[in-house]
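Undergrad: Sequence lines, in order, name chains C and F. In this text, residue positions in the first sequence follow our numbering: the first is 95, and each later residue adds one. In this text, residue positions in the second sequence follow our numbering: the first is 3, and each later residue adds one. Note that CB positions come from ideal geometry on N, CA and C, so glycine has one too.
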Amino acid sequence: MANNDSDKTIVVEGLTKDYPGRRAVDSLSFSVRRGTIHGFLGPNGAGKSTTLKMIAGLLSATDGKILINGMIQTPENNLLKNQIGLLPEHAPLYPELTVKEYLQFVLKIHQKFEKSEVDRLISELQLGEVSSRLIGHLSRGYRQRVGLAQAMIYDPEIIIMDEPTTGLDPHSVVEWRDWIKKLTPRKTIIFSSHVLSEVEHLCDDITVINQGQIKATGKLVDIQKKFNHGQKIKIEVGVKKHLESDLLKLPFTDSILNSHFDHKKMNLEMILKGDEDMRPALIAWLVSQKIDVYSVESADFDLEEIFMKLTVAEGVQ
Amino acid sequence: MKMIWIMTLKELRCLFGSPLAYVIIGLFSAITGVIFVNLLLTYADQLQVVTTQIAENQGISFMQEVVYKLFANINFLMILFMPMITMKSIAEEKRTHTLDLYWLSPLKEWQVVLGKFFSSTILFVCMLLIILVYPIILMGAGINDIGHLGSCFLGVFLNGVSYIALGLLCSSLTDQTIVAGILTVIGIMMGWMLAWAGNVTSNYIFSEIFLYLSFTPHFERLVHGMIGSNDLLFYFSFIGLMLFSTVRNLERRTW
Chain C
95 MANNDSDKTI VVEGLTKDYP GRRAVDSLSF SVRRGTIHGF LGPNGAGKST TLKMIAGLLS
155 ATDGKILING MIQTPENNLL KNQIGLLPEH APLYPELTVK EYLQFVLKIH QKFEKSEVDR
215 LISELQLGEV SSRLIGHLSR GYRQRVGLAQ AMIYDPEIII MDEPTTGLDP HSVVEWRDWI
275 KKLTPRKTII FSSHVLSEVE HLCDDITVIN QGQIKATGKL VDIQKKFNHG QKIKIEVGVK
335 KHLESDLLKL PFTDSILNSH FDHKKMNLEM ILKGDEDMRP ALIAWLVSQK IDVYSVESAD
395 FDLEEIFMKL TVAEGVQ
Chain F
3 MKMIWIMTLK ELRCLFGSPL AYVIIGLFSA ITGVIFVNLL LTYADQLQVV TTQIAENQGI
63 SFMQEVVYKL FANINFLMIL FMPMITMKSI AEEKRTHTLD LYWLSPLKEW QVVLGKFFSS
123 TILFVCMLLI ILVYPIILMG AGINDIGHLG SCFLGVFLNG VSYIALGLLC SSLTDQTIVA
183 GILTVIGIMM GWMLAWAGNV TSNYIFSEIF LYLSFTPHFE RLVHGMIGSN DLLFYFSFIG
243 LMLFSTVRNL ERRTW
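Following this line, the structure appears as C-alpha cells:
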C-alpha cells in the first residue's frame, strides 16, 4: 500500500475499536505530518490511549486502518516494529534491573546490538549518575527518563508519548519540553497530555477526541481560527458602577469571560457577537458613557477554551 | 534461539534480582533437609528393632523407607514452591504493562513464553542441585543404586517442570499474582485427584483415562525406577500443551 502523501508519516482512516458492550473509538480519521509534534487531546476515557495503542501496533482495530509510511499497521506487522517507540503513562520498567541492564535488554529484543547507543542515550538524558542503580530505587522523574530512553533506544522514526509529564516537578517538565523539542524534525512525535498549555507550547498540530470521536484535527493555528466564532477582546477602562451589566445589555455583547480591578482601572475579557470587528462600536459606546478607555485589543481563544468548547458541551467533564 | 536466550537471561536476572528466588531455594532446601534427616532417623530406629535382612523380608527397605518417601515428600512440597516461582511470571507483567515492551519489539509470544519457561526451569534445577547432596550422603553410606536415584530425580524434575508449565498458563490467565498462584495449586491438586478418581471408578475406560491424565502414576513409576516411554510421552505432551495454551492466551491480547 503506497501512501501518496509523503509528508504524512501516519494516516488514520475510519479507525474503530469495539470492546464488549461499548465502542471505545469511533471512525477516527486524522494524519500526522512528518517531523512534527502532534498533540493528542481528550478528557479521561475519550479513547486516547486505545488509539495510541492501535497506532503503536499493540491492539488491532475493529474497523478502519492505520498507515505508517504507507504500510498498514497491525499487531502482526513485524516490518513496523522498530519504527515506533512508545512511552505509556506508566513506563514499562523492571525494578530488579539496573538502568543499563534494562536499556541493553530493550536494545537486544529489537535485534540491535550496538552497546555504544546505550551509553550515548544515558549521557543525552542525563542518566549517568543512576545508570548502575536498580530501577526500583529511582525517583519518578528518573523512571520517566528511563522510560523515554526505552522508547528512543532503537532509534524509531515515530515516538508516541502518553501523558509523559504527569507527576513530574516543574523543573523536570521544562527539561522534558526541551528534549521533546530537540527530537524534531528528526522524529515524528505524538504527544498526549492533560496540560493544555504544554500542548499549546510544544505542538504544531493537534487532534481533539471525545467519546471516541474526532472533534477537531489539524494545525493548531487553523483550529484556533476555526473556533474564533465571535470576537474575543480584552479591554482596560475606567471604573463605573454596574459596568458589566450595562455591557451585557449591548446588542453586540455575547458574554463577559472575566473581570478584575487594577489601580482604579477595570480589566475585562469579553466576547462580541458576529464575525465583524465591533470594537469601534464598543469604543463609541464607552466614550458616550464618559468612561475612560485605556486599551481595547483583540485576543485569540486559547487551547483551554477550545478544549472546553469541544468537550464540555457534551457534559463529559 | 538467540531471542529466547535473551529473554531467559533477563528473566533470570529479574528472578535473582529479588529476594524471592533466595527465599524459595533456602526454604526448599531447609524443609527437604529436615525431612531427609527425619526419614533417616526413623529408618535407623526401625533397624535397631530388627536386622536389615528381617526388615527387608518385612518390606522395610532403605529405598522404600527413605528414598521413595523423600521424593514423595519433595513432590508434595512442589505444590507450594512451583506456584511461587511462576505466579508472578506473566501476571505481574500484565499488571505493570511491561508485556507491551515485548509486543513493541519483533519478539514473538512463543519466544517470550519459552524464555520464561526456561528461566523458571533453571531456578528449579538450582533447587534440585542443592538436594543432590542427599544422594551423595547416601552413596557415602553404601547405597549405590545410581540408576534408581537418577530415576527418582527424573520423576521430580519432570513433575516440577510440568507444574511450571501449568503455572505459566495460570499466570497468563490473570493479572493478579495471588490468583495465578491459587489457580496453579488447584490445577496441580486436580492432577493428583485424577489418580484417586481413576482408582475409585468402576468403569475400566474412565479409570485408564483418569490414571493416564494424572501426574501420580507416572511419578510413582519413575521413583520406583521404572522409566517408560509412556510416562515420558505424558510429561512431554502435558508440558507442550500447557506452553502452547499459554502462547495462544497471550495472542488473545490484540483482540
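#1: To be precise: take each residue of the segment 102-121 of chain F, compare its Cβ to all Cβ atoms of chain C, and keep it if any distance is under 7 angstroms. Which residues remain?
#2: Note the first and the last residue of the continuous beta strand (DSSP E) segment covering I308 (chain C).
#3: Considering only DSSP beta bridges, list what I162 (chain C) is partnered with.
#4: State whether the segment 146-164 of chain C contacts the segment 317-336 of chain C, with contact taken as three or more CB pairs (one from each stretch) at a distance under 8 angstroms.
#5: From the beta carbon of C16 (chain F), is the nearest beta carbon of chain C less than 7 angstroms away?
#6: Quick check on DSSP: helix, strand or coil for N97 (chain C)?
#7: Please state whether DSSP places D256 (chain C) in a helix, a strand or coil.
#8: Using the beta-carbon of each residue, which ones in chain F are nearer than 8 angstroms to L191 (chain C)?
#9: Checking contacts by CB at 7 angstroms: is T248 (chain F) closer than that to chain C?
#10: My guess is that T156 (chain C) and K111 (chain C) are in contact by the Cβ rule of under 8 angstroms, so how many angstroms apart are they, rounded?
#11: Please classify M80 (chain F) as buried or exposed, where buried requires at least 16 other C-beta atoms within 10 Å of its C-beta.
#12: Which residues in chain C sit within 8 angstroms of H99 (chain F), going by Cβ to Cβ distance?
#13: Between the segment 197-213 of chain C and chain F, which residues of the former have a C-beta closer than 8 angstroms to a C-beta of the latter?
#14: Taking Cβ-Cβ distances shorter than 9 angstroms, what residues in chain C pair up with M5 (chain F)?
#15: With the cut-off set at 7 angstroms, would you say K281 (chain C) and I253 (chain C) are in Cβ contact?
#16: In chain F, what lies closer than 7 angstroms to A150 (chain C) by C-beta?
#17: Between N163 (chain C) and chain F, is the shortest Cβ-Cβ distance under 7 angstroms, so that the two count as touching?
#18: Take the Cβ of A93 (chain F) as the centre, count every other Cβ of all protein chains shown within 10 Å, and call the residue buried at 16 or more, exposed below.
#19: Residues of chain F with CB under 7 angstroms from N172 (chain C), in chain order?
#20: Shortest alpha-carbon distance to P182 (chain C) belongs to which of F:T98, F:L72 and F:L116?
#21: How should P279 (chain C) be labelled, buried or exposed, when 16 other C-beta atoms within 10 angstroms of its C-beta is the threshold for buried?
#22: Whose Cβ in chain C lies nearer than 8 angstroms to the Cβ of I8 (chain F)?
#23: Can you list, in chain order, the stretches of the beta strand (DSSP E) that have 3 or more residues and sit fully within the segment 263-339 of chain C?
#24: Between the Cα of L201 (chain C) and those of C:G235, C:E218 and C:A243, spot the shortest distance and give me the residue it belongs to.
#25: Please name the residue in F:L14, F:K71 and F:M9 whose C-alpha comes closest to that of V39 (chain F).
#26: What does a CB cutoff of less than 7 angstroms around R223 (chain F) pick up in its chain, not counting 5 residues either side in sequence?
#27: Going by DSSP, which residues form a beta bridge with L366 (chain C)?
#28: What are the start and end residues of the beta strand (DSSP E) that includes S392 (chain C)?
#29: Less than 7 angstroms separating the beta-carbons of L362 (chain C) and S349 (chain C)?
#30: Could you give the uninterrupted runs of the beta strand (DSSP E) lying entirely in the segment 146-220 of chain C, keeping only those of 3 residues or more?
#31: Can you round the beta-carbon distance between D256 (chain C) and T130 (chain C) to whole angstroms, since I take them to be within the 8 angstroms contact cut?
#32: Taking Cβ positions, are I180 (chain F) and M84 (chain F) nearer each other than 7 angstroms?
#33: Would you say K159 (chain C) lies against chain F (beta-carbon separation less than 7 angstroms)?
#34: Does the beta-carbon of S259 (chain F) have 16 or more other beta-carbons within 10 angstroms, so that it is buried, or is it exposed?
#35: Could you please give the first and the last residue of the uninterrupted beta strand (DSSP E) stretch that includes H132 (chain C)?
#36: Can you tell me whether DSSP reads R223 (chain F) as helix, strand or coil?
TA: Taking the coordinates as given:
#1: D102, L103, Y104, W105, L106, S107, P108 and L109: these are the residues of the segment 102-121 of chain F whose beta carbon lies less than 7 angstroms from some beta carbon of chain C, given in chain order.
#2: Q307 to K313
#3: I162 (chain C) pairs with C:I104 and C:M165.
#4: no
#5: yes
#6: Confidence at N97 (chain C) is low in this model, with a pLDDT of 42, below 50, so the placement of that residue is unreliable and no value is reported for it.
#7: Correct three-state label for D256 (chain C): strand.
#8: K12, R15, C16 and G19
#9: no
#10: 5 angstroms
#11: buried
#12: P182, H184 and P186
#13: F199, V200, K202, I203, H204 and Q205
#14: K202, I203 and Q205
#15: yes
#16: L106
#17: It does not: the Cβ of N163 (chain C) has no partner Cβ on chain F nearer than 7 angstroms.
#18: Around the CB of A93 (chain F), 16 or more other CB atoms lie within 10 Å, so the residue is classed as buried.
#19: P108
#20: If we check each option's Cα against that of P182 (chain C), F:T98 comes out closest.
#21: exposed
#22: F199, K202 and I203
#23: Fully enclosed beta strand (DSSP E) runs of 3 or longer: 282-286, 299-304, 307-313 and 325-332.
#24: C:A243
#25: F:K71
#26: G230 and D233
#27: C:Q325 and C:T347
#28: V387 to A393 is the extent of the beta strand (DSSP E) around S392 (chain C).
#29: Judged by their CB atoms, L362 (chain C) and S349 (chain C) are not nearer to each other than the 7 angstroms cut-off.
#30: 157-162 and 178-181
#31: Actually they are not in contact, since the Cβ atoms of D256 (chain C) and T130 (chain C) sit about 18 angstroms apart, beyond 8 angstroms.
#32: no
#33: no
#34: With chain F covering 3 to 257 only, the question about residue 259 (chain F) has no answer from this structure.
#35: I131 to L135
#36: helix
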